[in-house]
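A.B. asks: So the protein lines, in turn, are chains A and B.
Per my numbering: the first sequence = residues 13 to 256.
Per my numbering: the second sequence = residues 7 to 312.
Glycine is no exception: its CB is placed at the ideal position from the N, C-alpha and C atoms.
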Amino acid sequence: MKLWRSWVVAQNDLDVFAHKKYSLYSLVALPAVLSVGLPVMLWLLIQRNNASALEVEVLLNAFAFIFIVLPSLLPTILASYSFVGEKLDRSLEPLLSTPATDGELLLGKGLAAFLPSLLATYLGAGVFVVLADQLTGARVGFAYFPNAELEAILMVAAPLACIFSVEVNVMISSLVSDLRAAQQLGVLVLVPIGGLYVLAETNFLSLSGVSLLVVSAFLAALDLLLFFLGRGTFRREKILTEWK
Amino acid sequence: MIETQGLTKRFGDLTAVNSVTLGVGEGEVFGLLGPNGAGKTTTMRMLSCLVSKSEGMATVGGYDIGRASDAEKIRGLIGVLPESAGLYEDLSARKNVEYYGKIHGVAQNRRDANIERLLKRLGLWDQRDTAVGSFSKGTKQKVAIARALVHDPKVVFLDEPTANLDPESSKTIRDVILELKRDGRTVFFNTHNLDEAQRVCDRVGIIKGRLLAVDSPARLGNLERHRRTAFQLERLDGDTVAAVKRARGGGVEARGDTLYVDVEDPLRDNPEIVQVLTKAGGRVVYVTDLSSGLEAAYLRLVGESR
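(1) Is there a C-beta anywhere in chain B that falls below 8 Å from the one on residue 148 of chain A?
(2) Use the C-beta contact count for residue 304 of chain B: other C-beta atoms within 10 angstroms, 16 or more gives buried, fewer gives exposed.
(3) State yes or no: is the beta carbon of residue 20 of chain A nearer than 8 Å to at least one beta carbon in chain B?
(4) Taking only runs that begin and end inside the segment 90-155 of chain A, name each unbroken alpha helix (DSSP H) of 4 or more residues, in chain order.
(5) Give the C-beta separation of residue 26 of chain B and residue 194 of chain B to the nearest angstrom, bearing in mind that I take them to be a contact with Cβ-Cβ under 8 Å.
(6) Less than 8 Å between the beta carbons of residue 10 of chain A and residue 243 of chain A, yes or no?
(7) Could you list the residues in the segment 236-248 of chain A with a C-beta less than 7 Å from some C-beta on chain B, going in chain order?
(8) Residue 273 of chain B and residue 260 of chain B: beta carbons closer than 8 Å?
(9) Can you confirm whether residue 109 of chain B, when its beta carbon is compared against all beta carbons of chain A, has any partner nearer than 8 Å?
(10) Here's a check: name, in chain order, each residue in its chain whose Cβ is nearer than 8 Å to the Cβ of residue 46 of chain A, leaving out the five neighbours to either side.
(11) In the DSSP assignment, find the unbroken beta strand (DSSP E) run with residue 165 of chain B in it and report its ends.
(12) Report buried or exposed for residue 146 of chain A, applying the criterion of at least 16 other Cβ atoms within 10 angstroms of its Cβ.
(13) Any residues in the segment 94-114 of chain A with a beta carbon nearer than 9 Å to a beta carbon of chain B? Which ones, in chain order?
(14) Does the structure place the segment 215-234 of chain A close enough to the segment 160-176 of chain A that three or more beta carbon pairs sit under 8 Å?
(15) Taking the CB atoms as reference points, tell me whether residue 86 of chain B and residue 206 of chain B lie closer together than 8 Å.
(16) DSSP three-state label for residue 350 of chain B, please.
(17) Just how far apart, CA to CA, sit residue 129 of chain A and residue 155 of chain A?
(18) Between B:200, B:202, B:161 and B:165, which has its C-alpha nearest residue 187 of chain B's C-alpha?
(19) List the whole-angstrom C-beta distance separating residue 79 of chain B from residue 15 of chain B, where the pair is believed to meet the contact cut-off of C-beta under 8 Å.
(20) Whose C-alpha, out of A:246, A:19 and A:23, is nearest the C-alpha of residue 97 of chain B?
(21) By how many angstroms is the C-alpha of residue 231 of chain A removed from the C-alpha of residue 117 of chain B?
(22) Please specify which runs of the alpha helix (DSSP H), each continuous and at least 4 residues long, are wholly inside the segment 104-169 of chain B, giving them in chain order.
(23) Along chain B, which residues have their Cβ under 8 Å away from the Cβ of residue 192 of chain A?
(24) DSSP three-state label for residue 71 of chain B, please.
(25) If we ignore side chains and look at the alpha-carbon of each, how far apart do residue 62 of chain B and residue 11 of chain B end up?
(26) For residue 50 of chain B, does the three-state DSSP call read helix, strand or coil?
(27) Could you give the first and the last residue of the continuous beta strand (DSSP E) run that contains residue 237 of chain B?
(28) Suppose contacts are defined by Cβ-Cβ distances below 8 Å. Is residue 102 of chain B in contact with residue 149 of chain B by that definition?
(29) Tell whether a beta-carbon distance below 8 Å holds between residue 94 of chain A and residue 38 of chain A.
(30) Between the Cα of residue 83 of chain B and the Cα atoms of A:73, A:112, A:196 and A:28, which residue gives the shortest distance?
(31) Is there at least one Cβ from chain B nearer than 8 Å to residue 252 of chain A's Cβ?
(32) Suppose you measure from the CA of residue 37 of chain B to the CA of residue 96 of chain A; what does that come to, to the nearest Å?
(33) Going by beta carbon distance, what residues of the same chain come within less than 7 Å of residue 275 of chain B, once the five residues before and after it are set aside?
(34) Would you kindly check if the distance between the Cβ of residue 87 of chain A and the Cβ of residue 92 of chain B is under 8 Å?
(35) Using 8 Å for Cβ pairs, my map puts residue 236 of chain B next to residue 296 of chain B. What's the rounded Cβ distance?
(36) Which residues of the segment 254-269 of chain B have a Cβ closer than 7 Å to any Cβ of chain A? Give them in chain order.
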């Protein structure tokens, strides 16, 4: 596998995405709303309900999980376009007739969805940390973020969740012929990740080093499995002859 | 450069391409003619390693299309223009072409030189930084041709390269095909356009599921003995028509001031008919060979295969 060729594919897809302003708006809007909305919600809880420092800390801890959910949601916007979009634009046939292998194409398209999604997640996390500390610092008594758990989420779990979502979405994109179907099916990736978030919010799962290690190991195993599954299910002929 | 032996493709119960055997030499321009659904695109896709074969064998540049390890090598030495240009509409002409140069691993100096040469040759250099979405169909097709050629492929596959294009764009593309031939490249193209095939192809194959004939356009045309010539007269009257009917026996039809006559050998028959017309007092204004030999051969072969 020639990595430089995957990077060429990724660069081209990034260039194409950069011209799709509605995708860009979606990519920016979701992290912006969550990163601003969640700290503001906490501030309102403090102001109106007089939430205690402990309650605020528990919520801050749970909200940090959103940075596992976010990088798994954002790729659905871009990765669902990967092969379906190319098919709709009829640019897939010339691309498939180049020497790029299935693995190189999948990796390139995956990178193109992964990088902006992770970047948007990090920018959102930056805004979240600053706002959360500003709005809750007085009640908690110290700047809650950054802490080791959030760093582990951003450095390990978020990229793994993003890879998981990218792989699922790129794979779906190569198997279905309709952009809406790709996006709708792609959202299914949120079921396991969303489940984690619900467990965190309901205090069944707390944000600790051990729980993060388990979640990360699970995601890493899934990522590896999906890469090979994606290569195995990628069929140039099916894409060209069975899509209408 | 291209060899096929009994090449067959089935989609379920449908046999799209049935036991095609042909050879295309290095530097040859080969045209595959056939009606819609005749298997032209499927043949091209098999040779480009885009779809698998069901039976038979084929090699491109000495590599076997049926061997997975050869597919990447074949794709590296071919340039493909599919039926639809399939460009990235938001990207410029230069970026569309450059992407394919990069993906084929062409070094930057050579890539830049090739892009400039091709875009200039196709009259696109001044529009190189314009998004292709704003281009006409003909201009998009030219960008797609440049994209197919940016890595100097040894074999070029073109699927209906001039379909629905204006005459000027069609001529540019025909000229490029002839230039590729002069450079020693092998060109394999699908077309409905018999006139175009006659102008640029060294040999043509007529396909309708199976390959019905392969030869040079001239030789295929010469095999046809049933052709039709139109003789337009200043004024056509009943006596003149009767004179020609007497001389020819049959196959004569009058419409307005034009007489349509079935001929076997235009070179022999047309002067004789002009002589009869003149003797009968007619004044011949134009003589037009209505059906090209290739067209007649094509229609007969495709018709017989029904």
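C.D. replies: On the basis of the data shown:
(1) Answer no: the Cβ-Cβ gap between residue 148 of chain A and chain B never drops below 8 Å.
(2) It is buried - the Cβ of residue 304 of chain B has at least 16 other Cβ atoms within 10 Å.
(3) By this cut-off, residue 20 of chain A is an interface position.
(4) Restricting attention to alpha helix (DSSP H) runs no shorter than 4 residues, the segment 90-155 of chain A encloses them at 94-100, 104-108 and 114-152, ordered along the chain.
(5) The pair is not a contact, with the Cβ atoms about 12 Å apart (cut-off 8 Å).
(6) Shown here, chain A extends from 13 to 256; a query on residue 10 of chain A therefore has no answer.
(7) The segment 236-248 of chain A vs chain B, Cβ under 7 Å: 248.
(8) No, the pair does not count as a contact, with Cβ atoms beyond the cut-off.
(9) Chain A contact via Cβ: present.
(10) Only 78, 82, 136 and 140 meet the Cβ criterion.
(11) According to the DSSP assignment, residue 165 of chain B belongs to the beta strand (DSSP E) that extends over 161-165.
(12) An exposed status is given to residue 146 of chain A, since fewer than 16 other beta-carbon atoms sit within 10 Å of its beta-carbon.
(13) Residues passing the 9 Å Cβ filter: 98, 101, 102, 103, 104, 105, 106, 107, 108, 109, 110, 111, 112 and 113.
(14) Yes, since at least three Cβ pairs between the segment 160-176 of chain A and the segment 215-234 of chain A fall closer than 8 Å, the two stretches touch.
(15) No.
(16) The question about residue 350 of chain B has no answer, for chain B in this structure spans 7 to 312.
(17) So the two alpha carbons sit approximately 27 Å from each other.
(18) The shortest C-alpha separation from residue 187 of chain B is found at B:161.
(19) Contact annotation, residue 79 of chain B with residue 15 of chain B: C-beta distance approximately 21 Å; criterion of less than 8 Å not satisfied.
(20) Closest by C-alpha distance to residue 97 of chain B, out of A:246, A:19 and A:23, is A:23.
(21) Between residue 117 of chain B and residue 231 of chain A, the C-alpha separation is close to 41 Å.
(22) Counting only runs of 4 or more, we get 114-127 and 143-155.
(23) Ordered by position in chain B, no residue passes the 8 Å Cβ test against residue 192 of chain A, which lies about 20 Å from the chain.
(24) In this structure, residue 71 of chain B counts as coil in the three-state DSSP scheme.
(25) Distance between the alpha carbons of residue 62 of chain B and residue 11 of chain B is about 6 Å.
(26) Of the three classes helix, strand and coil, the one that applies to residue 50 of chain B here is helix, per DSSP.
(27) Run containing residue 237 of chain B: 233-239, per the beta strand (DSSP E) assignment.
(28) Taking 8 Å as the Cβ cut-off, residue 102 of chain B and residue 149 of chain B qualify as a contacting pair.
(29) Not in contact: residue 94 of chain A and residue 38 of chain A (Cβ atoms no closer than 8 Å).
(30) Residue 83 of chain B has its Cα closest to that of A:112, out of A:73, A:112, A:196 and A:28.
(31) Put simply, the CB of residue 252 of chain A is near chain B, with a gap under 8 Å to one of its CB atoms.
(32) Using only the alpha carbons, I get a separation of about 32 Å.
(33) For residue 275 of chain B, where only same-chain residues beyond five positions count, the Cβ hits under 7 Å are 269.
(34) No. Outside cutoff.
(35) Yes, they are in contact, since the Cβ atoms of residue 236 of chain B and residue 296 of chain B sit about 5 Å apart, within 8 Å.
(36) Listed by position along the chain: nothing, the set is empty.
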